[in-house]
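One structure is given here, and the rest of the page talks about it.
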Amino acid sequence: MTTPVRDALPDGVPALTGDVLAIRGGRPLRGRVDVKGAKNLATKAMVASLLGETVSTLRDVPAISDVAVVRSLLEVHGVRVSEGDEPGSLVFDPSDVESAHFEEIDAHAGASRIPILFCGPLLHRLGQAFIPDLGGCRIGDRPIDFHLDALRKFGAIVEKLPSGIRLSTGGSRLHGANIHLPYPSVGATEQVLLTAVRAEGVTELRNAAIEPEIMDLIAVLQKMGAIISYEPNRVIVIEGVEKLRGYDHRSIFDRNEAASWASAALATDGEIFVGGAKQQEMLTFLNIFRKAGGWFDIQEDGILFRRDGDIKPVVIETDVHPGFMTDWQQPLVVALTQAHGRSVVHETVYENRMGFTDALVKMGADIVVHPRGLQDGPRRVPRRDLEQAAVITGPTPLHGADIVVPDLRGGYSHIIAALTATGESQVSGVDILSRGYEKFLAKLDALGADFDVIR
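All residue numbers for the sequence shown refer to our numbering, where the first residue is 252 and numbers rise by one.
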């Protein structure tokens, strides 16, 4: 049976309620959507609350499943989590933190990769930590070796078991370390920050990630009493302190979601105002968006996005901040299928992020993926052995098809492709979108999308 979205999504439900969406495309998306706090900050700031000795409050927390997973994991470890004094705020009381059984951690973690970031705070609080096998979107290897190597340098004892990884301090306080990341990994940088702030001595982290969400996490930790300085050439220095207090912090906006809706406006020839979006954190995206034929208007409370004539071909090289984010390329590729000419996307961050294009080809797109990248032409971002490249030739009309969501951003791209296409598409596995998009179906409905939830 099909269920109208207004009946299927009562206000406050954080996750998608159906496994399949029947989408009838060809209608421009028009209207306003609002973005809340960034998934990639909110979940990490929640983990940081373990480090404090008093209550923490996080504001503008998105109602997404990744947040629900971290809340469950905190509660399993004895943190009392409650609603705050305004909508979208959570309060964390860590005064009763305790060890949790592996079975509980595994049951609440699900496919999330967040548990690895619990290690540093738990080692400080309890002297031990245990994490199960890690899940997450299947977009590449995403090894945790960076994390484990860093924790070892702080003095942690790491024991790999068939069921997961056990870590302990051996009864000693963790100590500062000199760490050089072979790649500016966001996750590894977060790991070092969450561990170094209470380690004894000074930690110097070189080749660190410097994404806006990282800087916001540093702001959270500084509010808690941490001493952290950001120096030139991706160097972060942390002077460990013995104790930290709680924080009160409003999360940075989700620039990934903002860019996704901007790409949807471009692909469907619509007009979408993204409330809460800010220019500074999206400078790189906005430049590419404009080159691709997009138009935007920066306003005090958000950014208005629409198409400005024909979509134009562009060349994109994904990179760590301040480069073009890998999470931005998948939604934008949908719009590039309608560009007049040949676009090239060099994916240099993840080695398996082009699989989502198979569904677009099924819908009529002309996309050729080069699994080992392209060696010709000038490049700004250094080539990596793992990189892939996609060549998109357009414009090609898209038609409806039955497709399966592969991952979070790829799944969003499939939804937008279905909304751009003529005819009806059935998109299955859409529940994964609840990991990163709050009230996704309600927002689609507000923008005039024509779809049903199939149960």
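For each residue, glycine too, the CB sits at the ideal point set by N, CA and C. Quantities reported herein were computed from a predicted structural model and do not represent experimental measurements.
Quick one, which of 290, 446, 632 has its alpha-carbon nearest residue 311's?
Counting from one through the sequence shown, the residue named residue 311 turns up at place 60. Of the listed residues, the one whose Cα sits closest to residue 311 is 290.
Inter-residue spacing [alpha-carbon to alpha-carbon] between residue 586 and residue 664:
The residue labelled residue 586 in the question sits at position 335 within the sequence shown. The residue labelled residue 664 in the question sits at position 413 within the sequence shown. About 9 Å.
For residue 442, the three-state DSSP class (helix, strand or coil)
The count along the sequence shown starts at 1 and reaches residue 442 at position 191. Residue state, collapsed to three classes: helix.
In terms of residue numbering, what span does the alpha helix (DSSP H) encompassing residue 540 cover?
Reading the sequence shown from its first residue, position 289 is the one you call residue 540. Counting along the chain, residue 540 sits inside the alpha helix (DSSP H) bounded by residues 534-542.
Find the nearest neighbour of residue 457 within the set 472, 401, 416, judged by alpha-carbon distance.
Numbered from 1 along the sequence shown, position 206 holds the residue referred to as residue 457. Sorting 472, 401, 416 by C-alpha distance to the C-alpha of residue 457 places 401 at the top.
Output the boundary residues of the beta strand (DSSP E) element that contains residue 569.
Along the sequence shown, one-based indexing puts residue 569 at 318. Residue 569 -> no beta strand (DSSP E), and no H or E assigned at all.
Less than 9 Å between the beta carbons of residue 695 and residue 659, yes or no?
By one-based count along the sequence shown, residue 695 stands at place 444. By one-based count along the sequence shown, residue 659 stands at place 408. Contact flag unset, no.
Meets three-Cβ-pair contact criterion under 8 Å: the region 609-624 and the region 580-599:
Enough Cβ pairs lie closer than 8 Å, so yes.
Give a yes or no on whether 9 Å exceeds the smallest Cβ distance from residue 535 to chain D.
Of the chains in the structure shown, none is chain D; there is only one protein chain.
If you draw a straight line from the C-alpha of residue 314 to the C-alpha of residue 403, how long is it?
The residue labelled residue 314 in the question sits at position 63 within the sequence shown. The residue labelled residue 403 in the question sits at position 152 within the sequence shown. Taking the straight line joining both Cα atoms gives about 35 Å.
Looking at the strands, I want to know which residues DSSP matches up with residue 383.
Within the sequence shown, residue 383 is the residue found at index 132, counting from 1. According to DSSP, residue pairing for residue 383 in a beta bridge involves 415.
Any idea if residue 507 is buried or exposed, counting beta-carbon neighbours within 10 angstroms, 16 or more meaning buried?
Along the sequence shown, one-based indexing puts residue 507 at 256. Buried.
Quick check on residue 410: does DSSP put it in helix, strand or coil?
Locating residue 410 in the sequence shown gives position 159, counting from the first residue. Strand.
With a CB to CB cut of under 6 Å and the five nearest residues on each side skipped, what residues in its chain are close to residue 343?
Here residue 343 refers to the residue found at position 92 of the sequence shown. Residues of the same chain with a CB within less than 6 Å of the CB of residue 343, apart from the 5 flanking positions on each side, are 300, 307, 330, 332 in chain order.
Counting C-beta neighbours from all protein chains within 10 Å, is the total for residue 358 16 or more, i.e. buried, or is it exposed?
The residue you call residue 358 lines up with position 107 of the sequence shown. Exposed is the call here.
Strictly by DSSP, which residues pair up with residue 591?
Indexing the sequence shown from 1 puts residue 591 at position 340. The beta-bridge partner set that DSSP reports for residue 591 is empty.
With residue 478 as the anchor, note down where its alpha helix (DSSP H) starts and where it stops.
Here the question's residue 478 lines up with position 227 in the sequence shown. Segment 478-482 is the beta strand (DSSP E) holding residue 478; no alpha helix (DSSP H) there.
Close-in-space but distant-in-sequence residues of the same chain around residue 496 (CB under 8 Å, 5 per side omitted):
The residue given as residue 496 occupies position 245 in the sequence shown. Contacts found: 303, 304, 305, 475, 476.
Write down the C-beta distance between residue 442 and residue 367 rounded to the nearest angstrom, noting that I regard them as a contact closer than 8 Å.
Counting from 1 along the sequence shown, the entry for residue 442 is found at position 191. Counting from 1 along the sequence shown, the entry for residue 367 is found at position 116. Correct: roughly 7 Å between the Cβ atoms.
Tell me where the alpha helix (DSSP H) around residue 299 begins and ends.
What you label residue 299 is simply residue 48 of the sequence shown in a count that begins at 1. Looking at the DSSP string, the run of the alpha helix (DSSP H) that includes residue 299 is 290-299.
Spatial distance of residue 524 from residue 286 (CA atoms):
Taking the sequence shown and counting its residues from 1, the one referred to as residue 524 is at position 273. Taking the sequence shown and counting its residues from 1, the one referred to as residue 286 is at position 35. Straight-line measurement puts the Cα of residue 286 at about 10 Å from the Cα of residue 524.
Range of the contiguous alpha helix (DSSP H) that encloses residue 516
As a position in the sequence shown, residue 516 is number 265, starting the count at 1. Run containing residue 516: 506-519, per the alpha helix (DSSP H) assignment.
Excluding the five sequence neighbours on either side, which residues of its own chain have a C-beta within less than 6 Å of the C-beta of residue 392, listed in chain order?
Indexing the sequence shown from 1 puts residue 392 at position 141. Low confidence applies to residue 392: its pLDDT is 43, below 50, so where it sits in the model is not reliable, and the reading given next is rough at best. Within the same chain, residue 392 has no close Cβ partners at all.
Looking at C-alpha atoms only, which residue of 689, 682, 688, 690 is the closest neighbour of residue 272?
Stepping through the sequence shown from its first residue, residue 272 is reached at position 21. Nearest of 689, 682, 688, 690 to residue 272, Cα basis: 682.
Just to check, is the beta-carbon of residue 278 closer than 8 Å to a non-hydrogen atom of the ligand PLP?
No copy of the ligand PLP appears in this structure; indeed no ligand is present at all.
Between 701, 632, 564, 377, which lies nearest to residue 570 when the distance is taken from Cα to Cα?
Within the sequence shown, numbered from 1, the residue matching residue 570 stands at position 319. The candidate whose alpha carbon is nearest that of residue 570 is 632.
Per-residue DSSP class, three states only, for residue 584:
Counted from its first residue, the sequence shown places residue 584 at position 333. Shown here, residue 584 sits in a helix according to DSSP, grouped into three states.
Alpha-carbon spacing of residue 425 relative to residue 455, whole angstroms
Here residue 425 refers to the residue found at position 174 when the sequence shown is read from its first residue. Here residue 455 refers to the residue found at position 204 when the sequence shown is read from its first residue. Using only the alpha carbons, I get a separation of about 15 Å.
Would you kindly work out how many angstroms separate the C-alpha atoms of residue 703 and residue 288, rounded to a whole number?
By 1-based counting over the sequence shown, the position of residue 703 is 452. By 1-based counting over the sequence shown, the position of residue 288 is 37. For residue 703 and residue 288, the distance between alpha carbons rounds to 28 Å.
Closest by CA to residue 537, which one among 309, 583, 478?
What you label residue 537 is simply residue 286 of the sequence shown in a count that begins at 1. The residue with the shortest Cα to Cα distance from residue 537 is 583.
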